[in-house]
Amino acid sequence: MRHHEGICTNRKIRKSTYKLKSMQQNRSNWYIYKATLVAAVGGLLFGYDTAVIAGAIGFMKTYYALSDAMTGWVASCALLGCVAGAMYAGKLSDIVGRKKVLMLSALLFAISSVGTAMPPNLTFFVVFRLIGGMGIGIASMLSPMYISEMAPADIRGKLIAVFQLGVVTGILLIYFVNAGIAGMYNEAWNITTGWRYMFGSGLIPSVIFVLLLFTVPESPRWLAKQKRNEEALDILTKINGQEKANQELAEINASLADDTSLTLAEMMKPGLRRALFIGVVLAIFSQVTGINAIMYYAPEIFKSTGDGSNSALMQTVLVGIINVAFTLVAIRYVDKLGRKALLLIGIAGMAICLLAVGSAFYFEMQKGYLVLIAILGYIACFATSLGPLTFVVIAEIFPTKARGTAMSVAVFVLWSAVFLVSQTFPILMGSIGNAFTFWIYMLMAIGAFLFVWKMVPETKEKTLEEIQDFWKAHEASVNNK
90 MRHHEGICTN RKIRKSTYKL KSMQQNRSNW YIYKATLVAA VGGLLFGYDT
140 AVIAGAIGFM KTYYALSDAM TGWVASCALL GCVAGAMYAG KLSDIVGRKK
190 VLMLSALLFA ISSVGTAMPP NLTFFVVFRL IGGMGIGIAS MLSPMYISEM
240 APADIRGKLI AVFQLGVVTG ILLIYFVNAG IAGMYNEAWN ITTGWRYMFG
290 SGLIPSVIFV LLLFTVPESP RWLAKQKRNE EALDILTKIN GQEKANQELA
340 EINASLADDT SLTLAEMMKP GLRRALFIGV VLAIFSQVTG INAIMYYAPE
390 IFKSTGDGSN SALMQTVLVG IINVAFTLVA IRYVDKLGRK ALLLIGIAGM
440 AICLLAVGSA FYFEMQKGYL VLIAILGYIA CFATSLGPLT FVVIAEIFPT
490 KARGTAMSVA VFVLWSAVFL VSQTFPILMG SIGNAFTFWI YMLMAIGAFL
540 FVWKMVPETK EKTLEEIQDF WKAHEASVNN K
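The opening residue of the sequence shown carries number 90 in our numbering; numbering runs sequentially from there.
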């Protein structure tokens, strides 16, 4: 009887301990989830502001009588701002902090929304799109970096992927907004006025982002870098508990002490330069496989299959829904299957779908639902792989001391690739046709698959400091050969 009572008591103790741990974990999770969701609003602005052009470009082309080349320029001019924002965001955030520079990005979004809604001419429109682009470039680099520096190792992948969920949610939201505005009046009104409302609507999420940023802490790794260890420890304790927080702060300070002289030039040394190479090339492949050509020009692609403006805009909304749904799939499995497996599965699917889209246009089978189904399949595959995981990988593979600078380089290259794709897509469509354009993107996807298979290491469940040690060991092995 006593033995039975002892077993029952032990079970009660274990249950109580389990509940206590669960409560502690919930408290820790709420703190990091809140910071993650707020940072993800930066992703929402990123998606909202980049995709707004999808609903407006057709009307602007008519309003300003744009050529194919000028259409590409108007659609992609913001991307030069993105390049500039990404170039300087890392260095600036190293000086004044991640949170303050994210606030700057929201301010740039707001200015751009107002300016592009009522430009007196096309030149002014381009100037304000460049300003908005700088905000996009900053948010696209700093939001995932901030999340990576806040997140516990075992759930870091899915938390950084939440940033991409913010991006695709912003894209979906503006698709609905664009479709709603376009449906208010007739085509003539949309050509003269409707597109202005589309751009102006971005002011609302910009203001919300600024207000939310006041409610979250600064990055503990940035605080440690500034020798503000008490503040860093307080934040790490709320995330991981006291014991783990002390251990992690010690690891952070050790990594900073070891790398006080680490610069971008030193990232080019054997071993470490492989991390930079992976970040840069993965960023390029995430774009030259055609995602933003589809995101920016989706209504125009669907119009080319014979659908009218309203039907094309609603099909574009469906693209956004699929994008959000399969980003959730990536969030669920990124820390279970790992980065590399999801990348390979998704990229292979992208190549198959791009082959199908190109073939449909080549054999004049674009009428009906074949192109729509293939594009939706492509979006689903991208959303489970290159979409979220590019930002996951480049936010975690760089050493702490060089993370700001190295991420700036990777995201700078990413936006340069976006600009190239967006600028050339309408020209390619007008010169070599739809089929060969999509087949070019298919070949890029095959290249991306081979690159990931051969070059990208698995980083799931490793702390940022453990990943840094991996590159140090790799560097040592290279130097010893």
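Think of the CB as a built atom: it goes at the ideal place given N, C-alpha and C, for glycine as much as any other residue.
Hey, quick one: how far does the alpha helix (DSSP H) through residue i stretch, first residue to last?
{"i": "residue 486", "result": "Neither: residue 486 is in no alpha helix (DSSP H) and is coded neither H nor E."}
{"i": "residue 470", "result": "459-472"}
{"i": "residue 183", "result": "167-185"}
{"i": "residue 154", "result": "That residue, residue 154, is in no alpha helix (DSSP H); it is neither H nor E in DSSP."}
{"i": "residue 448", "result": "428-451"}
{"i": "residue 298", "result": "292-302"}
{"i": "residue 357", "result": "Here residue 357 belongs to no alpha helix (DSSP H), and DSSP marks it neither H nor E."}
{"i": "residue 287", "result": "284-289"}
Is residue i helix, strand or coil by DSSP?
{"i": "residue 271", "result": "helix"}
{"i": "residue 317", "result": "coil"}
{"i": "residue 551", "result": "coil"}
{"i": "residue 160", "result": "helix"}
{"i": "residue 243", "result": "helix"}
{"i": "residue 233", "result": "helix"}
{"i": "residue 327", "result": "helix"}
{"i": "residue 333", "result": "helix"}
{"i": "residue 111", "result": "With a pLDDT of 43 at residue 111, under the threshold of 50, the modelled position of this residue cannot be trusted, and the question is left open."}
{"i": "residue 257", "result": "helix"}
{"i": "residue 149", "result": "helix"}
{"i": "residue 425", "result": "coil"}
{"i": "residue 207", "result": "coil"}
{"i": "residue 378", "result": "coil"}
{"i": "residue 76", "result": "In the structure as shown, the chain starts at 90 and stops at 570, and residue 76 therefore has no counterpart that could be examined."}
{"i": "residue 192", "result": "helix"}
{"i": "residue 305", "result": "coil"}
{"i": "residue 454", "result": "coil"}
Any Cβ of chain D within less than 8 Å of the Cβ of residue i?
{"i": "residue 180", "result": "No chain D appears in this structure, which consists of one protein chain only."}
Within 8 Å, do at least three Cβ pairs link the segment 318-337 to the segment 251-268? no
Could you tell me whether the segment 409-420 touches the segment 239-252, using the rule of 3 or more Cβ pairs below 8 Å? yes
Can you list the alpha helix (DSSP H) stretches of 4 or more residues lying completely in the segment 492-554, in chain order? 492-520, 522-544
Pair every Cβ in the segment 215-233 with every Cβ in the segment 188-196, then say whether three or more of these pairs are closer than 8 Å. yes
Taking 8 Å as the cut-off, does the segment 169-177 touch the segment 205-212 (at least 3 CB pairs, one atom from each stretch)? no
Please determine if the segment 515-531 and the segment 191-205 are in contact, where contact requires at least 3 C-beta pairs separated by less than 8 Å. no
Is the segment 425-444 touching the segment 535-544 in the sense that three or more CB pairs, one from each, lie closer than 8 Å? yes
Between the segment 369-376 and the segment 211-230, do three or more beta carbon pairs fall short of 8 Å? no
Between the segment 237-245 and the segment 299-317, are three or more C-beta pairs nearer than 8 Å? yes
Give a yes or no on contact between the segment 362-370 and the segment 475-495, applying the rule of three or more CB pairs nearer than 8 Å. yes
Given 8 Å as the limit, is there contact between the segment 141-156 and the segment 262-276, that is, 3 or more CB pairs closer than that? yes
Is there contact here, the segment 118-135 with the segment 285-300, by at least three beta-carbon pairs under 8 Å? yes
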